[in-house]
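Read the structure below first, then the notes.
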Amino acid sequence: GASFNEVFFSEVRVPDSHRLGDVNGGWDVALTTLMNERASIGGASGGGLGAMSTARLAAMLDHLGLSGDPVFRQELMRIHVALRVARLTNQRALDKIKAGQLPGPELSTGKLALTQNLTAIAQLVSRALGARLTADTGEWGTFAWTRFVLGTPGYRIAGGSDEVLRNIVGERVLGLPKEPGDNAKVPFRDSLKN
Numbered sequence: 028g029a030s031f032n033e034v035f036f037s038e039v040r041v042p043d044s045h046r047l048g049d050v051n052g053g054w055d056v057a058l059t060t061l062m063n064e065r066a067s068i069g070g071a072s073g074g075g076l077g078a079m080s081t082a083r084l085a086a087m088l089d090h091l092g093l094s095g096d097p098v099f100r101q102e103l104m105r106i107h108v109a110l111r112v113a114r115l116t117n118q119r120a121l122d123k124i125k126a127g128q129l130p131g132p133e134l135s136t137g138k139l140a141l142t143q144n145l146t147a148i149a150q151l152v153s154r155a156l157g158a159r160l161t162a163d164t165g166e167w168g169t170f171a172w173t174r175f176v177l178g179t180p181g182y183r184i185a186g187g188s189d190e191v192l193r194n195i196v197g198e199r200v201l202g203l204p205k206e207p208g209d210n211a212k213v214p215f216r217d218s219l220k221n
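Count the sequence shown with this note's numbering and you get residues 28 to 221, in order.
Spelled out as structure tokens, the structure:
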């Protein structure tokens with residue numbers, strides 16, 4: 028089945044007993060949900076994805092007889108450093124959350140780092156496994172990596188697309204101007220609907 032879904036409802040009435048947040052405060056609820064999703068996806072919750080382990084990558088390369096290849100070794104170390112930097116960034120966000128503060132751009136940059144790291148891992152795995160990715164041969168580790176490689180693009184959408192997060196970082200961290208638009212001053216509820 029699909030991992031993502033978008034549903035639009037018209038003329039929906041929600042009783043106050045089922046409402047989250049204040050009346051007309053749906054955007055705050057949505058932002059809180061996105062913040063939690065980004066923390067979970069980006070690893071600020073402490074877990075992260077199990078595949079984000081250079082030990083697992085090294086074991087796969089060793090199993091395939093590629094652990095001595097200088098190109099694969101260099102790529103593995105590049106991924107190792109990027110994962111370490113991402114974990115430290117996520118730890119800053121987690122420390123703020125534990126202190127009762129709202130994290131700043133850490134969750135957005137952490138989620139962006141996650142998708143870049145996942146892509147780098149998927150590319151390394153694809154080059155290492157080659158045609159073994161196309162079918163479950165029963166060989167050690169191949170099917171798990173196939174699922175990982177096929178699932179990786181979905182993380183570019185989950186928790187806010189990479190493009191949206193780059194806009195957030197550009198506008199709120201770097202101070203870049205917002206993109207011009209006809210409805211920049213129009214409340215979302217009054218903007219064009221599907």
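Each residue gets a CB set at the ideal place from its N, CA and C atoms; glycine is no exception.
Cα-Cα separation between residue i and residue j, rounded to whole angstroms
i: residue 48; j: residue 203; result: 31 Å
i: residue 169; j: residue 59; result: 37 Å
i: residue 146; j: residue 180; result: 8 Å
i: residue 72; j: residue 128; result: Summary for residue 72: the model assigns pLDDT 46, below 50, so the residue's position carries little reliability; its value from the coordinates is reported in the next sentence. When rounded, the distance between both Cα atoms is 15 Å.
i: residue 93; j: residue 99; result: 7 Å
i: residue 40; j: residue 184; result: 29 Å
i: residue 152; j: residue 201; result: 34 Å
i: residue 50; j: residue 117; result: 32 Å
i: residue 217; j: residue 166; result: 55 Å
i: residue 91; j: residue 171; result: 15 Å
i: residue 213; j: residue 104; result: 48 Å
i: residue 87; j: residue 125; result: 36 Å
Terminal residues of the alpha helix (DSSP H) in which residue i lies
i: residue 79; result: Unbroken run through residue 79: none, as it is neither H nor E.
i: residue 118; result: 97-125
i: residue 174; result: 169-178
i: residue 146; result: 133-156
i: residue 193; result: 189-195
Proximity of residue i and residue j at Cβ, strictly below 7 Å
i: residue 138; j: residue 199; result: no
i: residue 132; j: residue 196; result: yes
i: residue 182; j: residue 136; result: no
i: residue 62; j: residue 134; result: yes
i: residue 79; j: residue 110; result: yes
i: residue 112; j: residue 149; result: no
For this session: Report yes or no: do the region 42-58 and the region 79-90 share at least 3 C-beta pairs separated by less than 8 Å?
Result: no
For this session: Taking 8 Å as the threshold, find out whether the region 160-176 comes into contact with the region 185-198 through three or more Cβ pairs.
Result: no
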